[in-house]
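The structure appears below as structure tokens.
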Amino acid sequence: MTEPELRARLQKTPKNAVLHHNLGSLLYQNGDLSGALGSFLTALILKPKNLAFAKNTLHVLGQTSGYQLPDGILHILARWAEHDEINVQDLSMVVHNQYSAAPLLGTLLNVLDASEQDRETILASDHFDAFFQDALLLAVMTRAIVITPLLETVLTRLRRHVLEQSIEKGLSDHAMATRVDFLAALANQCFNTEYAYAVTAEEMALVDQLVQTAVEGPLKWAVLGAYRPLHEVLQSAPSYNKNQSPPIKFLLKRQWFDSHDEAGLRNQISSLTTVSDETSKKVQQQYERYPYPRWINTSKSSAQSFDKFLQSRFPDQAPYARAKGPIDLLIPGCGTGLQICRLASGIAPARITALDISYTSLAYAKRAVAENGFRKHKICYYHADILALDAPNLESDYIDCTGVLHHLGAPEQGLAILTRLLRPGGYMRLALYSERGRQDVIKARDYIAAEGFPDSAEGVRDFRQAVLSLPPDHPVAKVAQNQDFYSISGLHDLVFNVNENRYTPQQLKLMLERAGLIFLGFDHMDPALSGRYATAYPGDKLQRDLGNWDRFDQDNPDSFGFMYHFWCRKPVS
């Protein structure tokens, strides 16, 4: 149905949620994010319990800025934030938009600048109840990463105030002691960021004092967990019972039980290769220290056969003979498992083999993927270096290797190895860094080298504070607009990475030709981008001419963001 037809139908039936949702989908495909958001929100208001409506609404909310939502919508979103199939990180943009324009944070900062007595008096009152009891904010703090610098400043100052009062007056005798659920959410947020917030030596000395206190219980766990993971500071397992509040239970799960589960899972992972390449060794060390991303929940797709999956994307391609039955799906560089969930939920049936160079990432993946509903799926996990792979039994119908090859010391060698593992006629999806799209990252890397920030958690933390203090027009300040800026592993992956190779579309063309692969088009492309390309190159109907794309990329260097996501295929013979 066309846009005019949908609008005409809606004039007659304005409360038809499906029509509003369909209009939103059409507008999104046409690149009209603002219009799509309005239609999706209307559909969700009319049918607030519809999962598909919620997923699409959140997806667009996460990509859009400058809006303020009414309380009714915020309450609906807060309820969805507890759903296992919702990507709560999308809601961090909602929180950002709601609080960036609100005076409340500035008022709260002024209170935290006041005398100790005034701070305690005001925090003990109901003056800021709307903030401390904001269900959507608490959900984002618990299950996602806050991406609002001013809110981060408030949380950092609150954390310090609570720690100081806990030492001076006792854990249960200060103004914030009655707000245990908020403190648990704060501890979860700090853990989610891997303790990216600014911290002083004086604070860490107070943390050491608190560790030694004999008192145990939720307040101590929340205050400590805001500074260090509980599995590092508690000598024995914390008591876990059904009477504890959900935020406290989640805190214990994330900071104690998950870590112990992952330690056990790590010992179950077999290795297919040694790691002898010097660059591979450095990359392994990096991701053992900084597994990325530390996700919690993700949105799932509706499963379809590989045959239908291919037909919907590449209707011009000759059928793949093996696509109708269970396929062999290889994920080299699976990381912490987010991509496993997306593929396992989108393609069925499939036998999945997930490889990574980091044992820590693999253990996280095994736990998180199982918890997200994939316990019964056939997924095998192995430690391996792509450059050392020599395993004919890994021959696959579909290889999904995104954000991986560009970290290798020899990316083309890695691609050649994967191509050998791809069956004739099989498909491969790749993602590689963009030379032109990463100019802001290059500036940040140069700044890090010039200023001498060390490659450590402390170095990443200090770099963050330096960036946040830069004037907005500084060439490095833009890095704070990236969501990866707000966690240690995310920012390390973004600008401290031990090795990265970058490409242009012309270089991708030559690389694929040398590997003997056929380019089938870019993935994850903004619909508006496809339209602009079609206007510039109307003769390339399938939009697969990488020479044209290289010229387009020169004129529009930000079109693909930091990375090119694209499909290719191995010839049948």
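Its first residue numbered 130, the sequence shown is counted upward by one per residue in the numbering used here. Note that CB positions come from ideal geometry on N, CA and C, so glycine has one too.
Is the separation between the beta-carbon of A560 and that of M654 shorter than 8 Å?
Taking 8 Å as the Cβ cut-off, A560 and M654 do not qualify as a contacting pair.
Find out if the Cβ-Cβ distance for the pair V589, V608 is shorter than 8 Å.
For V589 and V608, no; Cβs fall outside 8 Å.
Could you spell out where the alpha helix (DSSP H) holding L170 opens and where it closes?
Note, L170: alpha helix (DSSP H), L162 to L175.
Output the boundary residues of the alpha helix (DSSP H) element that contains H204.
From DSSP, the alpha helix (DSSP H) with H204 extends over D200 to W209.
Count Cβ pairs between the stretch 188 to 198 and the stretch 222 to 229 that sit closer than 8 Å; are there 3 or more?
The stretch 188 to 198 is in contact with the stretch 222 to 229.
Is the CB-CB distance between R423 and N321 below 8 Å?
Against a cut-off of 8 Å, the Cβ pair of N321 and R423 comes out as a contact.
Could you work out which residue in K505, T271, S374 and N685 is closest to E564 when comparing CA atoms only?
Among K505, T271, S374 and N685, the Cα nearest to that of E564 belongs to N685.
Close-in-space but distant-in-sequence residues of the same chain around A253 (CB under 6 Å, 5 per side omitted):
Annotation for A253: A304 place their beta carbon closer than 6 Å to its own, counting only its chain and skipping 5 residues before and after.
Check whether the Cβ atoms of I617 and Y416 lie closer than 8 Å to each other.
At least 8 Å separates the beta-carbon of I617 from that of Y416.
Out of P656, A452, Q672 and P420, point me to the one whose CA is closest to I486's CA.
Selected option, being the one with the closest Cα: P420.
If I'm right that P461 touches L484 with Cβ under 8 Å, what's the distance once you round it to whole angstroms?
The pair is a contact, with the Cβ atoms about 5 Å apart (cut-off 8 Å).
Below 8 Å on the Cβ atoms is my contact criterion, and I expect I508 with A477 to pass it. Report the Cβ-Cβ distance as a whole number of Å.
Not really, about 12 Å apart at Cβ, beyond 8 Å.
Would you say the stretch 546 to 558 touches the stretch 439 to 449, given that touching needs at least three Cβ pairs under 8 Å?
Segments in contact, yes.
Kindly indicate which three-state DSSP category M692 falls into: helix, strand or coil?
Looking at M692 - three-state DSSP - the assignment turns out to be strand.
Could you tell me the boundaries of the beta strand (DSSP E) in which H512 lies?
Going by DSSP, H512 is part of the beta strand (DSSP E) stretching over I508 to H512.
Alpha-carbon spacing of S688 relative to D682, whole angstroms:
Their backbone Cα atoms lie some 7 Å apart in a straight line.
Candidates L491, W209 and Q612, of which the one nearest I398 by Cα:
The residue among L491, W209 and Q612 with its C-alpha nearest the C-alpha of I398 is L491.
Rounded to whole angstroms, what is the Cα-Cα separation between F625 and R574?
Taking the straight line joining both Cα atoms gives about 7 Å.
Using the beta-carbon count (16 or more within 10 Å), is S374 buried or exposed?
Exposed: under 16 other Cβ atoms inside 10 Å.
Have a look at I515, G690 and N611 and flag the residue whose alpha-carbon is nearest the alpha-carbon of R567.
Comparing Cα-Cα distances from R567 to each of I515, G690 and N611, the minimum goes to G690.
Which residue or residues does DSSP assign as beta-bridge partners of P461?
Under DSSP, P461 shares a beta bridge with L484.
Around the C-beta of I571, are 16 or more other C-beta atoms found within 10 angstroms, so that it is buried, or is it exposed?
Classification for I571: exposed.
Compute the beta-carbon to beta-carbon distance between Y326 and E281, rounded to the nearest angstrom, for a pair I have assumed lies under 8 Å.
Sure, about 6 Å apart at Cβ, within 8 Å.
Take F443 and list the residues in its own chain whose beta-carbon comes closer than 7 Å to its own, dropping the five residues that flank it on each side.
Result list for F443: L649, in chain order.
Nearest by alpha-carbon distance to N426: which of L139, Q218 and L166 is it?
For the residues L139, Q218 and L166, the minimum Cα distance to N426 belongs to Q218.
Exposed or buried, what is A183 when buried is set at 16 or more other beta-carbons lying within 10 Å of its beta-carbon?
Buried: at least 16 other Cβ atoms inside 10 Å.
Quick one: grab the DSSP three-state call for L559.
In the structure shown, the three-state DSSP call for L559 is strand.
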